[in-house]
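Here is the structure we will look at.
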Amino acid sequence: MPAGRFKSRTFRRVFVRTPGARTVLHYRKRKPKAAKCGCCGTALKGVPRERPYKMSNLPKTKKRPERPFGGNLCSRCMRKAVVEKARPVEKPEEVKEEKEAKSKDEEKKKQEKVEKTEKKGKTEKVKKEAAKEAKEDKPKKD
Ligand SMILES: [Zn+2]
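Numbering-wise (my numbering), the sequence shown opens with residue 237 and increments by one.
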């Protein structure tokens, strides 16, 4: 008869072959649930279901797939994430609004620069320089 604590299914049952060729029932603690994808929630492949003490002793390469987002996202979601990062999908309306906002900001900046130069009473050369600077979106890094 099994001991009282082994009568329930708290422990899992493992058949172990002894050296004397007998099969014996062993009671072991249950394994944790499989790791899930952070995006779609499917079980991750290549991530072992083991108790923490065993996971800590495993080499890092055997704990998760060696690719970007390995152990966090499934391969499908990883592909999506990489593609989205490379070319972000934006709605055409949002893009237009952003462009308008940018152009408005640039116009304001240009006007402010011109006003400043006028107030200081500097020569036309300074005005031209300010206009050039305003036209350039990104200053050169050297
Ligand atoms: Zn996924």
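The beta carbon of each residue, even a glycine, is placed where N, CA and C say it ideally should be.
This one's a predicted model, so the numbers in the text were calculated from it and none came from an experiment.
Query: In chain order, what residues of the same chain have a beta carbon less than 6 Å from the beta carbon of C276, not counting five sequence neighbours either side?; Result: C313
Query: What residue range is occupied by the uninterrupted alpha helix (DSSP H) comprising V318?; Result: S311 to A322
Query: One question on the structure: do K298 and P284 come within less than 8 Å of each other, judged by their Cβ atoms?; Result: yes
Query: Less than 8 Å between the CB atoms is what I'm expecting for K278 and K269, so what's the real figure, rounded?; Result: Here residue 278 is Thr; the residue named in the question, Lys, does not match the sequence. That pair is no contact at about 12 Å.
Query: Buried or exposed, going by whether 16 or more other CB atoms sit within 10 Å of the CB of L309?; Result: buried
Query: For ligand 1, is there a heavy atom less than 7 Å away from the beta-carbon of R315?; Result: no
Query: Return the first residue and the last residue of the beta strand (DSSP E) that K290 is part of.; Result: Looking at the DSSP string, K290 is not in any beta strand (DSSP E); the run it does join, the alpha helix (DSSP H), is P288 to N293.
Query: Tell me the DSSP secondary structure of V250 in three-state form.; Result: strand
Query: Along the chain, where does the beta strand (DSSP E) containing L261 start, and where does it finish?; Result: T259 to K265
Query: So which of P255, G274 and R241 has the shortest CA-CA distance to K265?; Result: R241
Query: Under 7 Å from any heavy atom of ligand 1, does the C-beta of R300 make it?; Result: no
Query: Could you tell me whether any non-hydrogen atom of ligand 1 is closer than 7 Å to the CB of R303?; Result: no
Query: To the nearest whole angstrom, what separates the beta carbons of F305 and A322, a pair I think is in contact under 8 Å?; Result: Not a contact, Cβ separation roughly 14 Å.
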